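Engineer: Okay, handing you the structure first.
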Amino acid sequence: GQQVMQIPQYQHVQEGEDFTTYCNSSTTLSNIQWYKQRPGGHPVFLIQLVKSGEVKKQKRLTFQFGEAKKNSSLHITATQTTDVGTYFCAGPGGLTGGGNKLTFGTGTQLKVEL
Amino acid sequence: DTAVSQTPKYLVTQMGNDKSIKCEQNLGHDTMYWYKQDSKKFLKIMFSYNNKELIINETVPNRFSPKSPDKAHLNLHINSLELGDSAVYFCASSRGLAGNEQFFGPGTRLTVL
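Residue numbers (our numbering), protein chains in the order written: chain A, 4 to 117; chain B, 224 to 336.
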């Protein structure tokens, strides 16, 4: 079935450093979504990318969808303590349910130290 | 004004017991989901309902039974709880199918002793 892997699984950075998480799907995706989950919180939608090669920015966050629509990345410039949390990519599709199901990536847990 | 709410927030129970988690959304969405998040933060879909009909049933033990009395509610009943059921369970909803943004509830932390 479809698998969505993210690397790294964990990342510790000093405040002010940049951070990138990479997402790779075993299948081509019609779109990719990114979610952020703060410690003790629930996943919150950040953005959706649809087009091949698409790049979107939200302040210090830059999201990219690969040309083959099988991978994506999230880059944070100059991390702040408010960026702490787990970042998930997610794509529709799967062995059962097809497009009705979002398969979440394995997540990257980001810790930011002062 | 909570968009997706779940009760209870915490649930501590003994092995073998039966428990239920309730979920309600006031967003007018027609699709609702149950996810299980383990201690490593892996988030896996369990069930999905669209307009009260089951559309996704992942490889979940049949001790887990979802029920959707109407579009705004999706409850999860668990029979004969086991230690491995300990996790955080999230309810979510979306307009239409999974290609759209999903809104998550605050989660229910289930601990089985």
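Ideal Cβ positions, reconstructed from N, Cα and C, are used throughout, including at glycine. Remember, it's a predicted structure, so these values are computed and weren't measured experimentally.
(1) Quick one: is Asp-86 (chain A) buried, meaning 16 or more other Cβ sit within 10 Å of its Cβ, or exposed?
(2) Does Ser-33 (chain A) get closer than 9 Å to chain B when you measure Cβ to Cβ?
(3) Gln-9 (chain A) to Ser-309 (chain B), Cα distance in whole Å?
(4) Taking Cβ-Cβ distances below 7 Å as the criterion, which residues of the stretch 255-272 of chain B are in contact with chain A?
(5) Is it true that the stretch 24-34 of chain A meets the stretch 232-243 of chain B, where meeting means three or more beta-carbon pairs spaced less than 8 Å apart?
(6) Would you call Pro-292 (chain B) buried or exposed, if buried means 16 or more other Cβ atoms sit within 10 Å of its Cβ?
(7) Shorter than 9 Å from the beta carbon of Arg-279 (chain B) to some beta carbon of chain A?
(8) Less than 9 Å between CB atoms is the rule here; does Gln-325 (chain B) satisfy it with respect to chain A?
(9) Since Leu-336 (chain B) sits in a beta bridge, which residues does DSSP pair it with?
(10) Applying a beta-carbon distance threshold of less than 7 Å, which residues of chain B neighbour Lys-104 (chain A)?
(11) Please check if any C-beta of chain B sits within less than 9 Å of the C-beta of Pro-95 (chain A).
Structural biologist: On the basis of the supplied data:
(1) On the first sequence, position 83 is the one that residue 86 (chain A) refers to. Answer is buried; the Cβ neighbour count reaches 16.
(2) As a position in the first sequence, residue 33 (chain A) is number 30, starting the count at 1. Yes, because at least one Cβ of chain B sits closer than 9 Å to the Cβ of Ser-33 (chain A).
(3) For the purposes of this step, residue 9 (chain A) is taken as residue 6 along the first sequence, with counting starting at 1. For the purposes of this step, residue 309 (chain B) is taken as residue 86 along the second sequence, with counting starting at 1. Roughly 24 Å between the two C-alpha positions.
(4) Lys-264, Phe-265, Leu-266, Ile-268 and Ser-271
(5) no
(6) Counted from its first residue, the second sequence places residue 292 (chain B) at position 69. Exposed, by the Cβ-count rule.
(7) Here the question's residue 279 (chain B) lines up with position 56 in the second sequence. Checking the displayed sequence, the identity of residue 279 (chain B) turns out to be Ile instead of Arg. Ile-279 (chain B) counts as touching chain A.
(8) On the second sequence, residue 325 (chain B) is found 102 positions in, with the first residue counted as 1. True, the Cβ-Cβ gap to chain A drops below 9 Å.
(9) If you number the second sequence from 1, residue 336 (chain B) lands on position 113. Answer by DSSP bridge pairing: none, since Leu-336 (chain B) is not bridged.
(10) Walking along the first sequence from the start, residue 104 (chain A) turns up at place 101. Result: Ile-268, Ser-271, Ile-279 and Ala-321.
(11) Position 92 of the first sequence, counted from the first residue, corresponds to residue 95 (chain A). Yes - at least one Cβ of chain B is within 9 Å of the one on Pro-95 (chain A).
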